[in-house]
Amino acid sequence: MSIDDEEKKEAKSLNFLERIIEDDLANNRVPNNTIVTRFPPEPNGYLHIGHAKSIILNFSLAAKYHGRCHLRLDDTNPEKEDIEYINAIQNDIKWLGFDWQNHLYHASDYYDQLYSIAVSLIKEGKAYVDSLSAEQVKEYRGTLTTAGKDSPDRSRPIEENLKLFEEMKEGKHPEGSYVLRAKLDMSSPNVNMRDPAIYRIKFAQHPRTADKWCIYPMYDYTHPISDAIEGITHSICTLEFEDHRPVYDWATSIDNIEHAPHQYEFARLNINYTVMSKRRLLHLVKNNLVDGWDDPRMPTIIGLKRRGYSPEAIREFVSRIGVAKVESVVDFSLLEFCVREDLNKRAKRVMAVLDPLKVIITNYPKDKTEYFEVENNPEDESMGKREVPFTREIYIEREDFMENPVKGYFRLFVGNEVRLKSAYYVTCTDIVKDDEGNIVEILCTYDPESKYGTTEDRRKVKGTSHWVSATHGLKATVRLYDKLFITENPGEKTGNYLDDINPESLIINSNCIVEPSLQDVQSGEYLQFIRNGYFVPDSVEFNRDNLIFNRTVTLRDSWAKQKNK
RNA sequence: UGGGAUGUAGUGUAAUGGUAACACAGCAGAUUCUGGUUCUGCCUUUAGGGGUUCGAAUCCCUUCAUCCCAGCCA
């Protein structure tokens, strides 16, 4: 690292979590000076870009301070969790580029310990079995502005609590008949402290422990103890858990451990024009409003991957949005900026005509094929060149021709000369229309002196079009994705986010003509269709005989803006 | 007078008592075999009021606004 780089790194300001960590480190509050963080998803859905923020935050913090980051699947509610999600979560984290090494844990790993801690809590009179119904518990809890009152069972004798809890575990009581509650403070202004339930009865199959248990510990009880067991030093979660911190601190103090973990909260990621809650995403999937969790319009990690986003772009995005405690909504355009920035450096340029218009070059020999070398990436010479066949009949983009050119238009029109990328200059001479007056093809002449796209006289040709040989080009299907929602904050007006779904979020164009080299692209290869945008072969449906591409993002288009003025 | 948190350009994030800044977005222009990229410039900011101080985004008081909490969800 150069001195300049070091200075830059030095100068970079710390976020509030880094400050806390550096302060803890400096004051010897961290065992072995080893920072331990964790990413604790509940396996009840696929990970989305909001989780990416948390993943990147936790793993990067650990890496920066030479500590470690655990992956812990928070599987305390068997009704909602599924092995499909457990596997998908791991794949997504790996794809993002992070490694938990041998630190993969599950909350369910701790069920035995959690149970025996609960028993000792009962023995110390700090927890009791309550027979109140869910409705009654709610009543007794009071409201935000009025204190709660004690359940009649709060004073149940310890022996009886012990016996009942044992029976709950053995499946002798139906769901809803009893819960184990921590004895905290029914009059606390913080409703989370009013004797929270810590165990409930559920006769559900658990994805990992099957039917071994029929009582399951609650998040508020499980999470802090799991953190303590794993030696987590900094337990980072989102803002809505701030009110739970007193419960967290209570649970981590049960065993009087020397270095209890601490919880810190940051603002979750929101992006405009999308929804981010698992509940809503699940709804979109279940109701076939999208084609699954990996639909390229979804903000899921797997959706973004299929859309053609690179992990690097996502990581850059997260590092640019920063981390703070303010509720915020990040512009979708920043995400787009980050993919474009990354893909501009690495995407292989190819020529693909999305909306073909035939061009006949009348003075070019009928059976001739010339091969032109075209650079694969003007940003990176090391990516080399490829040969593209050129013939008398080619296709160009319908948008690249105008019968009656508007002001500022410098593409093809009758009498105008443009360059065909890396090939020849052509001048439009005539338009051929069908009986209904639709333009079916246009006629051009070419200048043989302009071979490879330049001439001796260096005359100015403002427009450059991409093209594909009509005889060598291949048919392809292109899926043009756009925002899933048409409003910045879906549902803000009507109260229902589904009202704001963009009916044109997917346009399928199956009559595209692409250059022959596209038959050989690899799955996952990043492409730029010159002048059209960034594309990837679809990871599920693409093959040599079925060329299907997904548009990741368009190129910036200052002409479109100018046109619309 | 329930409790907890948060207010810095349109958006996000810095500045931690000492010149309010960076990025995205937007707007101009230059360059360009992608109307892309790159480069240059412009635009717009401390929620309001009071106080402490030589000096306040920062400390104090106060008002306002926004978000979260009354699951046997996480």
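So the first sequence is residues 1312 to 1876, counted in our numbering. We put the CB at the ideal spot given by N, CA and C, even for glycine. From a predicted model like this one, the values you see are computed outputs, not experimental measurements.
Discussion item. With H, G and I counted as helix, E and B as strand and the rest as coil, what does DSSP make of residue 1493?
Written reply: Along the first sequence, one-based indexing puts residue 1493 at 182. Of the three classes helix, strand and coil, the one that applies to residue 1493 here is strand, per DSSP.
Worksheet item: Touching or not, the region 1715-1722 and the region 1659-1677, by the rule of three or more beta carbon pairs under 8 Å?
Response: Touching, no, given that fewer than three Cβ pairs across the two stretches are closer than 8 Å.
Practice prompt. Using the Cα positions of residue 1842 and residue 1454, report the straight-line distance between them to the nearest angstrom.
Written response: As a working mapping, residue 1842 is identified with position 531 in the first sequence. As a working mapping, residue 1454 is identified with position 143 in the first sequence. Here the C-alpha atom of residue 1842 lies approximately 60 Å from the C-alpha atom of residue 1454.
Practice prompt. Output yes or no for whether 8 Å exceeds the beta carbon distance between residue 1686 and residue 1679.
Written response: Translated into positions along the first sequence, residue 1686 becomes position 375. Translated into positions along the first sequence, residue 1679 becomes position 368. Contact: no.
Worksheet entry | Euclidean distance between Cα positions of residue 1791 and residue 1653 | One-based indexing of the first sequence puts residue 1791 at position 480. One-based indexing of the first sequence puts residue 1653 at position 342. Approximately 20 Å, taken between the alpha carbons.
Worksheet item: Where residue 1861 and residue 1641 are concerned, what is the direct C-alpha to C-alpha distance, given to the nearest angstrom?
Response: Counting from 1 along the first sequence, the entry for residue 1861 is found at position 550. Counting from 1 along the first sequence, the entry for residue 1641 is found at position 330. Going by the C-alpha atoms only, they are around 24 Å apart.
Worksheet item: Can you pull the DSSP bridge partners for residue 1510?
Response: Counting from 1 along the first sequence, the entry for residue 1510 is found at position 199. BP columns for residue 1510 point to 1491 and 1528.
Discussion item. Are the CB atoms of residue 1444 and residue 1487 within a distance shorter than 8 Å?
Written reply: Walking along the first sequence from the start, residue 1487 turns up at place 176. Walking along the first sequence from the start, residue 1444 turns up at place 133. Cβ atoms of residue 1487 and residue 1444: closer than 8 Å.
Worksheet item: Roughly how many angstroms lie between the CA atoms of residue 1331 and residue 1615, to the nearest whole one?
Response: Locating residue 1331 in the first sequence gives position 20, where the first residue counts as 1. Locating residue 1615 in the first sequence gives position 304, where the first residue counts as 1. Going by the C-alpha atoms only, they are around 33 Å apart.
Fill in: Given residue 1666 as reference, the closest of 1607, 1406, 1752 and 1590 once Cα atoms are compared
Position 355 of the first sequence, counting from 1, holds the residue named residue 1666. Minimum Cα-Cα distance from residue 1666 among the listed residues 1607, 1406, 1752 and 1590 corresponds to 1752.
Practice prompt. Decide if residue 1645 is buried, meaning its Cβ has at least 16 other Cβ atoms within 10 Å, or exposed.
Written response: Along the first sequence, one-based indexing puts residue 1645 at 334. Within a 10 Å sphere around the beta-carbon of residue 1645 sit fewer than 16 other beta-carbons, which makes this residue exposed.
Worksheet entry | Inter-residue Cα distance where the pair is residue 1419 and residue 1531 | Taking the first residue of the first sequence as 1, we reach residue 1419 at position 108. Taking the first residue of the first sequence as 1, we reach residue 1531 at position 220. In a straight line, the C-alpha of residue 1419 is about 14 Å away from that of residue 1531.
Discussion item. Suppose you measure from the CA of residue 1345 to the CA of residue 1394; what does that come to, to the nearest Å?
Written reply: Sequence index remark: in the first sequence, residue 1345 carries index 34 (1-based). Sequence index remark: in the first sequence, residue 1394 carries index 83 (1-based). Straight-line Cα distance between these residues: approximately 32 Å.
Practice prompt. Could you please give me the residues that DSSP links to residue 1539 through a beta bridge?
Written response: The residue given as residue 1539 occupies position 228 in the first sequence. According to DSSP, residue 1539 bridges with nothing at all.
Worksheet item: Which residue or residues does DSSP assign as beta-bridge partners of residue 1775?
Response: On the first sequence, position 464 is the one that residue 1775 refers to. DSSP lists 1730 as partners of residue 1775.
Discussion item. Quick check on DSSP: helix, strand or coil for residue 1605?
Written reply: By 1-based counting over the first sequence, the position of residue 1605 is 294. Coil at residue 1605, not helix or strand.
Discussion item. Once the 5 residues before and after residue 1787 are set aside, which same chain residues still bring their CB inside 6 Å of it?
Written reply: Numbered from 1 along the first sequence, position 476 holds the residue referred to as residue 1787. Spatial neighbours of residue 1787 in its own chain (CB-CB distance under 6 Å, excluding positions within 5 residues in sequence) are listed in chain order as 1823, 1825 and 1858.
Practice prompt. Starting from residue 1824, follow the beta strand (DSSP E) in both directions and report where the run begins and ends.
Written response: Numbered from 1 along the first sequence, position 513 holds the residue referred to as residue 1824. Boundaries of the beta strand (DSSP E) harbouring residue 1824: 1817-1825, taken from the DSSP string.
Item to complete: Just grab the DSSP bridge partners of residue 1441 for me.
Response: Translated into positions along the first sequence, residue 1441 becomes position 130. Answer is 1490, bridged to residue 1441.
Fill in: For residue 1879, the three-state DSSP class (helix, strand or coil)
For the chain, the structure presents residues 1312 to 1876; residue 1879 sits outside this window and is missing.
Worksheet item: Do you know offhand how far residue 1835's Cα is from residue 1381's?
Response: Numbered from its first residue, the first sequence carries residue 1835 at position 524. Numbered from its first residue, the first sequence carries residue 1381 at position 70. Just so you know, the alpha carbons of residue 1835 and residue 1381 end up roughly 28 Å apart.
Discussion item. In the DSSP assignment, the beta strand (DSSP E) including residue 1844 goes from what residue to what residue?
Written reply: Position 533 of the first sequence, counting from 1, holds the residue named residue 1844. Unbroken beta strand (DSSP E) run through residue 1844: 1844-1848.
Worksheet item: What's the C-alpha gap between residue 1567 and residue 1585?
Response: For this step, residue 1567 is matched to residue 256 along the first sequence. For this step, residue 1585 is matched to residue 274 along the first sequence. About 44 Å.
Discussion item. Which runs of the beta strand (DSSP E) at least 3 residues long sit entirely within the region 1373-1421? Give them in chain order.
Written reply: Those beta strand (DSSP E) runs which fall completely within the region 1373-1421 and span 3+ residues are 1379-1384 and 1415-1417.
Worksheet entry | residue 1409 versus residue 1370: straight-line alpha-carbon distance, rounded | What you label residue 1409 is simply residue 98 of the first sequence in a count that begins at 1. What you label residue 1370 is simply residue 59 of the first sequence in a count that begins at 1. The alpha-carbon atoms of residue 1409 and residue 1370 are separated by roughly 7 Å.
Fill in: Per-residue burial, residue 1535 [other beta carbons within 10 Å of its own, 16 or more giving buried]
Here residue 1535 refers to the residue found at position 224 when the first sequence is read from its first residue. By the 10 Å Cβ count, residue 1535 comes out buried.
Item to complete: Identify which residue in 1609, 1597, 1605 and 1655 has its Cα closest to the Cα of residue 1624.
Response: To locate residue 1624, count along the first sequence from 1; it is residue 313. The candidate whose alpha carbon is nearest that of residue 1624 is 1655.
Fill in: Contiguous alpha helix (DSSP H) assignments of at least 4 residues, all confined to the region 1642-1714
1643-1657
Worksheet item: Based on Cα-Cα distance, which residue from 1438, 1632, 1463 and 1481 lies nearest to residue 1450?
Response: Stepping through the first sequence from its first residue, residue 1450 is reached at position 139. Residue 1450 has its Cα closest to that of 1463, out of 1438, 1632, 1463 and 1481.
Worksheet entry | Contacts around residue 1677, its chain only, beta-carbon distance under 7 Å, and the 5 residues preceding and following it disregarded | Walking along the first sequence from the start, residue 1677 turns up at place 366. Same-chain partners within the cutoff: 1703.
Discussion item. Applying the 10 Å Cβ sphere with the 16-neighbour rule, what's the burial state of residue 1639?
Written reply: Here the question's residue 1639 lines up with position 328 in the first sequence. Residue 1639 comes out exposed.
Worksheet item: Taking contact to mean at least 3 C-beta pairs separated by less than 8 Å, is the region 1560-1576 in contact with the region 1585-1604?
Response: no
Worksheet item: Among residues of its own chain, excluding the 5 on either side of residue 1637, which ones have a beta-carbon nearer than 8 Å to its beta-carbon?
Response: For the purposes of this step, residue 1637 is identified with residue 326 of the first sequence, where counting begins at 1. Result list for residue 1637: 1578, in chain order.
Worksheet item: Do you know offhand how far residue 1618's Cα is from residue 1839's?
Response: Sequence index remark: in the first sequence, residue 1618 carries index 307 (1-based). Sequence index remark: in the first sequence, residue 1839 carries index 528 (1-based). Rounded to whole angstroms, residue 1618 to residue 1839 spans 13 Å at the Cα level.
Item to complete: Would you check if the region 1720-1736 and the region 1810-1819 touch, i.e. whether three or more CB-CB distances between them fall below 8 Å?
Response: no
Worksheet item: Using the rule of at least 16 other Cβ atoms within 10 Å of the residue's Cβ for burial, across every protein chain shown, is residue 1856 buried or exposed?
Response: On the first sequence, residue 1856 is found 545 positions in, with the first residue counted as 1. With fewer than 16 Cβ atoms within 10 Å of its Cβ, residue 1856 is classed as exposed.
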